[in-house]
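According to my numbering, the sequence shown is numbered sequentially starting from 1.
Glycine included, every Cβ here is placed at the ideal spot set by N, Cα and C.
Treat the numbers as computed from the prediction; the structure is a model and nothing was measured.
Inspection log for the structure reproduced underneath, given as structure tokens.
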Amino acid sequence: MSTTPVLHYIYDPLCGWCYGAKPLIDVARGILPVVAHGGGMMAGAQRQPVSAQLRDYVMPHDHRIAQYTGQPFGEAYFEGLLRDTTAVFDSQPPTTAVLAAEQLAGRGLELLGRLQTAHYLEGRRIADIDVLMEVAAEMGLEADGFRAAYDAASGEVTQAHFKASRGLLSRVGGQGFPTVVLEQSGQYQVIDLGPYLGKPEVFAAWLRQRDGVPAEHTSASAPACGLDGCQ
């Protein structure tokens with residue numbers, strides 16, 4: 001059995017706390033393999049058109065995330081996207097795009113991070129295929145290849161991915177998004193990101209010196225989005 005550690009990252013592209021944890025995932029990727037598992041928080045019946053009610057619901061959470069983590073939220077998001085009642089929040093298209101980028105070039109997590117910035121900072125509609133194509137092109141992914149990979153990963157493939165991700169979340173006892181799990185020697189241990197939010201350098205130092213996961217880091221008390229939306 002391999003003892004090489006792997007970090008499993010159970011996320012949703014429309015989860016504000018996942019965006020808050022983005023700097024932690026960025027530094028982790030430079031230290032050990034990170035595998036992304038999209039959970040479909042706002043997919044299917046949970047997808048929502050932007051409305052005044054949705055805006056009033058998410059804005060206080062977003063301000064808390066910004067204060068807690070230091071992650072920037074843009075005016076184009078607060079006063080643009082969150083007032084665009086023609087937009088829809090749907091986790092499925094951006095998750096399919098992440099799967100496509102991973103299949104095409106091993107760059108799924110890179111695209112995820114770029115989509116989070118596009119959504120929360122630039123106020124772009126990341127559930128729209130045209131926007132997904134634009135962001136992929138900005139990363140240098142070849143357009144025809146990305147679109148073919150996107151089409152191949154859409155529909156049932158993405159649905160199966162959601163099901164597998166939620167199965168993993170249930171097995172490890174995770175409560176929502178983000179859930180980060182260290183796999184080593186066949187053991188899975190949830191890492192409490194709470195002490196590290198806004199402190200990526202501290203998280204990086206811990207990952208580099210870890211010897212297993214200390215007990216104080218195995219709780220899941222960090223703020224998170226629930227399975228069907230951020231609380």
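{"Item": "By how many angstroms is the C-alpha of L115 removed from the C-alpha of D128?", "Value": "11 Å"}
{"Item": "Check for me: the alpha helix (DSSP H) holding E110 runs from which residue to which?", "Value": "108-120"}
{"Item": "With H, G and I counted as helix, E and B as strand and the rest as coil, what does DSSP make of E79?", "Value": "helix"}
{"Item": "With a threshold of 16 other CB atoms inside 10 Å of the CB of D130, please say whether the residue is buried or exposed.", "Value": "exposed"}
{"Item": "What are the boundary residues of the alpha helix (DSSP H) that G145 is part of?", "Value": "143-153"}
{"Item": "V190 lies in the beta strand (DSSP E); which residues open and close that run?", "Value": "187-191"}
{"Item": "When DSSP labels each residue in this structure, what does T69 get in the three-state scheme?", "Value": "helix"}
{"Item": "What's the C-alpha gap between A36 and P23?", "Value": "15 Å"}
{"Item": "Taking the C-alpha atoms as reference points, what is the distance between H217 and T86?", "Value": "Caution is warranted here: a pLDDT of 44 is assigned to H217, below 50, making its placement in the model unreliable, and no coordinate value can be reported."}
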